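Asker: Heads up, the sequence shown stops at 348 in the working numbering, and the numbers go up one at a time, no gaps. Ideal placement from N, C-alpha and C gives every residue a C-beta, glycine not left out. Treat the numbers as computed from the prediction; the structure is a model and nothing was measured. Structure provided below as structure tokens; questions to follow.
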Amino acid sequence: MKILVISDSHNVILDSQIEDIKKEGPFDLLIHCGDKYGDAAKFGEKLNIEKILNMPGNCDFDYNFLGSKLSITEEIEGKKFFITHGHMYFVKTDLSKLMAYARKNKIDVVVYGHTHKSQNKFIDNILYFNPGSTVFPKDGKASFGIIEIKEGNINSSIVSMEN
């Protein structure tokens with residue numbers, strides 16, 4: 186299973202971004218961690234990804250107030266994923282609230298956004314994965330993430346966009 190992870194695209198989807206992402210594909214699943222919620226379907230269409238998991242972020246006012254879930258837990262290839270934008274867990278301060286939730290709920294992979302800074306780190310055998318931002322990075326180049334699950338093993342990477 187090859188998963189494309191995007192966050193904080195903020196209604197900006199450039200052809201150059203699509204080309205950069207296509208170089209790493211194809212993908213079986215798209216996870217979009219919010220800001221902007223509607224971008225997930227657009228990325229999915231341009232990249233021919235049918236299965237999409239999508240979270241609203243703090244800038245998705247129309248979805249936040251229409252009863253959309255702000256986080257989900259999903260089993261993917263035998264691994265328990267927790268997917269959220271991250272603002273409700275105060276991830277700009279630290280990961281302590283996410284870490285407590287992940288430990289308590291036996292999560293294998295935490296996928297989040299909001300900070301516009303990428304992270305790809307195992308802490309206590311839990312992967313904390315933030316793909317950064319595709320348009321407004323706060324830690325260098327715009328980026329997206331890839332999580333692959335093969336034979337029960339998780340491999341993950343952050344990919345800087347060239348364009």
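#1: Can you round the beta-carbon distance between S192 and G219 to whole angstroms, since I take them to be within the 8 Å contact cut?
#2: What residue range is occupied by the uninterrupted alpha helix (DSSP H) comprising Y297?
#3: Could you check if P316 is buried or exposed, using at least 16 other CB atoms within 10 Å of its CB as the buried criterion?
#4: So what does DSSP say about I343, is it helix, strand or coil?
#5: Are the beta-carbon atoms of A225 and I237 separated by less than 8 Å?
#6: For N196, count the other beta carbons within 10 Å of its own beta carbon; 16 or more makes it buried, fewer makes it exposed. Which is it?
#7: Distance, Cα to Cα, L189 vs I216?
#8: May I ask which residues mark the beginning and end of the beta strand (DSSP E) holding K264?
#9: Roughly how many angstroms lie between the CA atoms of F321 and H301, to the nearest whole one?
#10: How about S194: is its Cβ closer than 7 Å to a heavy atom in the ligand MG?
#11: Residues in its own chain within less than 6 Å of L214 by CB, not counting five upstream and five downstream?
#12: Drop a sphere of 10 angstroms on the beta-carbon of A285, count the other beta-carbons inside from all chains shown, and report buried for 16 or more, exposed for fewer.
Answerer: Quick answer:
#1: 6 Å
#2: Looking at the DSSP string, Y297 is not in any alpha helix (DSSP H), and its letter there is neither H nor E.
#3: buried
#4: strand
#5: yes
#6: exposed
#7: 6 Å
#8: 264 to 269
#9: 7 Å
#10: As for the ligand MG, it is missing from this structure, which has no ligand bound.
#11: I188, K236
#12: exposed
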